[in-house]
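Before any comments, here is the structure.
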Amino acid sequence: MAPVDKSKVPWWVSNLIVPLVNLTLALLVSGLFIFIAGENPYEAVRLIIYGSFGYIEGFAYTLYYTTNFVFTGLAFAVAFHCRLFNIGGEGQAYIGGLGVFLVAINFSFLPVPIVWLLSIAGAVVFGAAWAFIPAYLQATRGSHVVITTIMFNFIAASLMVFLLVDVIRDTSQMGPHTVALPKEQWFPSFKDFASLFGIKIRYSPLNISFLLAIAASVFVWFLVWKTRWGYEMRAVGHNTQAAIYAGISPYKNIIIAMCISGGLAGLLGVNEILGVHHKIVAGFPAGYGFTGIAVALMGRNHPIGIFPAAFLFGILYQGGSEVTFDMPNITRYMFVAVQGVIILFSGALENLFRPQIESFFVNRLNIKASA
Amino acid sequence: MEFLSDIASLINSTLRISTPLVFAAMAGIFAERSGVIDFSLEGKMLMAAFVAAVGSYFLGNPWLGLLLAIIACVSLSMLHGFASVTYKGDQVVSCVAINILIIGLTTALAAAWFGQAGLTPTLNSDQRFLEVNLPFAESLRDVPIIGTIYSDILSGHYIFVYLAYLSVPLVFWVVFKTSFGLRLRAVGENPSAVDTAGINVFAMRYKALAINGVLIAFAGAHLSTAVNANFFREMSAGRGYLALAAMIFGKWHPKTALVACLLFGFTDALQIRLQGVELPAIGEIPVQLIQAIPYVLTVVLLAGFVGKAIAPNAIGQPYIKER
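Chains as they are written, first to last, in this note's numbering: chain S, 23 to 393; chain D, 497 to 819.
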């Protein structure tokens, strides 16, 4: 298959049709897994749709998961533009949550909106600090950021369990978690919002962090595509040698990219601590950091793609919990496997059918043009 | 004598704990020397552990479990090759995909087939590998020094422990003393020169990945059918990444990689011994912090305090023939 001229391929073919074909393949393979596990894939799809859209609490859960995936997806994407594989989102989010909690509890004498802003800053700073060390080691010593960020996930998990057991545990309770933050500091939730319109909801984890996720997406788009620094960073990622000749420092850009990435991952802590748990509970990042990799690759590392990809994974998570509820043979790990398949098809194997699809559309358009 | 037997048991556990790391590091050497990054050692090790445990449970023979694990790991290696050699996808993305896929799939299938906890059934003594007692181990036990070394340190390990250490000179010989090894290293350093010499770059990389799959299967089988008698969720616990770090630290060379693996194994053995022990001046270190020691050590070693590691020249780059 001769490669087609890239400039002749319409944008909607490479950015819409090809990802959708890859996603369809991934979902077909996932259906096969559900079949192997002894359940009916059609029934699973029906449950996923019902669980994520069928009732208002379910849909709110879908948007709550979307919030988390936007943060971790953007985190992975920013580093990826500098050709850095930050798979440490999990640990950075964990430490980011520590930042949120420490700021909120220590500045509780300040007015609530200021505490919120400071807590968000705390999340960013703590998450960025946890990404800084792997970034520094990559930039100066060449230690591969994949291994160091994975190690930092393990270290963060150990450190946080140590802190939650021995240092900041709520000693009046048995479990490894801290005391709850004062109630006025809790983010307004969707439940509060709905009650303004007279809609009664029992519980919803969805909260105003969703707006923060939208703001973060705009911020990333502006930063990466509209600033000088974003240009430098993409230049380093695209061709380090050429960037050096152009006077761009890879050292500086690696560190900044990783710190922003870590800061974005830290924002997950805002959603989880201020919005949902109102305290640090052991293991609250719960794999959202890893899911961010799939979200970013599916969204082609652009906020406009990441938002729908995060929504799709929100559907998969919320609908997935409906499935695990109704199908005894399916656990939430099945949906971890689905993520792996999606990363495989929309990341590593993205060239599988791209040449065929692109040349198919280019030829059709040519025929139309000459007719 | 108390001290001496402490040391002996520490060395004994170092040899045992290092075993999966040694297999994984040797597997990594084949892939990376041929120019293919392999972060998926972790996922493949987990896959092998799952398949070996399930296979020997149903077939009643740990060797058949091992055989199935080899088939599974070679298939995963071929998938990695298909994505990153043939379709020139990003090698790291392919590895991350395999790792996440396997973490999910193994636990999901274990839960679907054997119940919600995600454990496979405990294997009985016919279904798992047992310790191998070397000849005369009992009668030599009382001989000073030699007895300790032979009977307490070298004897009584699982077969995988011996195979792992035997694999190191074998890998050295294949990679550095055979024409296959010369081609392998050349493909990783300068694929276009190798291509000019009439050697198929893609075929070489697939062969290297196949050997990689066989070796990593032993590591997984060791975890689930020898030291443990079942598979449990995420039981590889980062060993694939540790082994990769050991391999990089060992500069993609079997002998130095072995030393690094033993160092990791020793740290891990030591951290298990240190749990709950009162240390002079420091007191008892909390167990969560002790458990983090091997991971911290990995970061420290990778930071290259012992000299910068130079990777094979063409690593991570898909080979594209001139058009």
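Glycine included, C-beta positions come from ideal geometry on N, C-alpha and C.
Distance between residue j and residue i (C-alpha atoms, nearest Å)
i: Phe578 of chain D; j: Ile533 of chain D; result: 13 Å
i: Asn759 of chain D; j: Ser343 of chain S; result: The question names Asn, but residue 759 of chain D is Leu in the sequence shown. Near 43 Å, if we compare the C-alpha coordinates of Ser343 of chain S and Leu759 of chain D.
i: Val589 of chain D; j: Lys274 of chain S; result: 24 Å
i: Leu47 of chain S; j: Thr582 of chain D; result: 19 Å
i: Ser52 of chain S; j: Val363 of chain S; result: 7 Å
i: Arg819 of chain D; j: Leu319 of chain S; result: Because the pLDDT at Arg819 of chain D is just 47, under 50, the model does not fix this residue reliably, and the value given afterwards should be weighed accordingly. Cα to Cα, the separation comes out at about 29 Å.
i: Leu572 of chain D; j: Met731 of chain D; result: 18 Å
i: Leu560 of chain D; j: Gly709 of chain D; result: 16 Å
i: Ser194 of chain S; j: Pro330 of chain S; result: 43 Å
i: Phe107 of chain S; j: Asp586 of chain D; result: 11 Å
i: Ser130 of chain S; j: Val137 of chain S; result: 7 Å
i: Ser530 of chain D; j: Asn726 of chain D; result: 34 Å
i: Ile169 of chain S; j: Lys751 of chain D; result: 22 Å
i: Met23 of chain S; j: Gln378 of chain S; result: Since pLDDT at Met23 of chain S reaches only 47, below the 50 mark, its modelled position is unreliable, and the value read off the structure follows with that caveat. Looking at the two C-alpha atoms, the distance is approximately 7 Å.
i: Leu500 of chain D; j: Arg769 of chain D; result: 15 Å
i: Val792 of chain D; j: Trp243 of chain S; result: 35 Å
i: Pro687 of chain D; j: Ile117 of chain S; result: 43 Å
i: Leu630 of chain D; j: Phe728 of chain D; result: 30 Å
i: Leu14 of chain S; j: Ser368 of chain S; result: Since the displayed chain S opens at 23 and closes at 393, residue 14 of chain S lies outside it and no answer follows.
i: Phe55 of chain S; j: Thr88 of chain S; result: 24 Å
i: Ala523 of chain D; j: Ala544 of chain D; result: 13 Å
i: Lys222 of chain S; j: Ala742 of chain D; result: 57 Å
i: Val667 of chain D; j: Glu685 of chain D; result: 18 Å
i: Gly311 of chain S; j: Ile389 of chain S; result: 46 Å
i: Val592 of chain D; j: Ala99 of chain S; result: 15 Å
i: Trp247 of chain S; j: His103 of chain S; result: 11 Å
i: Cys281 of chain S; j: Leu537 of chain D; result: 28 Å
i: Ser392 of chain S; j: Val31 of chain S; result: 16 Å
Option nearest residue i by Cα separation, candidates the options
i: Phe209 of chain S; options: S:Lys222, S:His103 and S:Leu228; result: S:Leu228
i: Phe215 of chain S; options: S:Gln361, S:Asn385, S:Phe329 and S:Ile78; result: S:Ile78
i: Ile70 of chain S; options: S:Ala202, S:Asp348 and S:Leu203; result: S:Asp348
i: Ile645 of chain D; options: D:Ala682, D:Glu528 and D:Ile507; result: D:Ile507
i: Gly164 of chain S; options: D:Tyr737, D:Ala608 and D:Val795; result: D:Val795
i: Thr515 of chain D; options: D:Gly677, D:Phe762 and D:Ala504; result: D:Phe762
i: Ala308 of chain S; options: S:Gly144, S:Gly327, S:Arg354 and S:Asp27; result: S:Arg354
i: Leu517 of chain D; options: D:Ala544, D:Gly684, D:Cys757 and D:Ala799; result: D:Cys757
i: Ile642 of chain D; options: D:Ile781, D:Ala504 and D:Ala741; result: D:Ala504
i: Tyr86 of chain S; options: S:Trp251, S:Ala332 and S:Phe312; result: S:Ala332
i: Leu738 of chain D; options: D:Asp622, D:Val755 and D:Gly779; result: D:Val755
i: Ser271 of chain S; options: S:Gly327, S:Ser381, S:Tyr253 and S:Leu132; result: S:Tyr253
Assigned secondary structure, residue i (DSSP; H/G/I helix, E/B strand, else coil)
i: His103 of chain S; result: helix
i: Glu774 of chain D; result: strand
i: Glu294 of chain S; result: helix
i: Asn373 of chain S; result: coil
i: Val31 of chain S; result: coil
i: Val710 of chain D; result: helix
i: Glu61 of chain S; result: coil
i: Val628 of chain D; result: strand
i: Glu780 of chain D; result: strand
i: Ser211 of chain S; result: strand
i: Val639 of chain D; result: coil
i: His653 of chain D; result: strand
i: Asn275 of chain S; result: helix
i: Met23 of chain S; result: Here Met23 of chain S scores only 47 on pLDDT, less than 50, and its place in the model should not be relied on; the value that follows carries that caveat. Residue state, collapsed to three classes: coil.
i: Met201 of chain S; result: Note that residue 201 of chain S is Val in the sequence shown here, rather than Met. If DSSP states are grouped into helix, strand and coil, Val201 of chain S belongs with coil.
i: Asn229 of chain S; result: strand
i: Arg819 of chain D; result: Because Arg819 of chain D sits at a pLDDT of 47, beneath the cut-off of 50, its placement in the model cannot be relied upon, and the point is left open.
i: Val532 of chain D; result: coil
Whole-angstrom C-beta distance between residue j and residue i, which should lie under 8 Å
i: Ile599 of chain D; j: Leu542 of chain D; result: 7 Å
i: Pro156 of chain S; j: Gly110 of chain S; result: 6 Å
i: Ser283 of chain S; j: Ala101 of chain S; result: 4 Å
i: Tyr654 of chain D; j: Phe625 of chain D; result: 5 Å
i: Ala179 of chain S; j: Trp152 of chain S; result: Not really, about 12 Å apart at Cβ, beyond 8 Å.
i: His300 of chain S; j: Leu203 of chain S; result: 5 Å
i: Ala753 of chain D; j: Ile525 of chain D; result: 7 Å
i: Arg735 of chain D; j: Ala520 of chain D; result: 7 Å
i: Gly297 of chain S; j: Ser217 of chain S; result: Actually they are not in contact, since the Cβ atoms of Gly297 of chain S and Ser217 of chain S sit about 17 Å apart, beyond 8 Å.
Quick check: the segment 178 to 190 of chain S against the segment 782 to 791 of chain D, are at least 3 beta-carbon pairs closer than 8 Å?
Output reads yes: the segment 178 to 190 of chain S touches the segment 782 to 791 of chain D.
Touching by the beta-carbon criterion (3+ pairs, under 8 Å), the segment 563 to 571 of chain D and the segment 713 to 721 of chain D
Touching, per the Cβ criterion.
Can we say the segment 263 to 273 of chain S touches the segment 105 to 125 of chain S, given the rule of at least three CB pairs closer than 8 Å?
Touching, no, given that fewer than three Cβ pairs across the two stretches are closer than 8 Å.
Determine, using beta-carbon pairs with one atom in the segment 666 to 684 of chain D and one in the segment 634 to 653 of chain D, whether at least three such pairs fall under 8 Å.
At 8 Å Cβ cutoff, the stretches do not touch.
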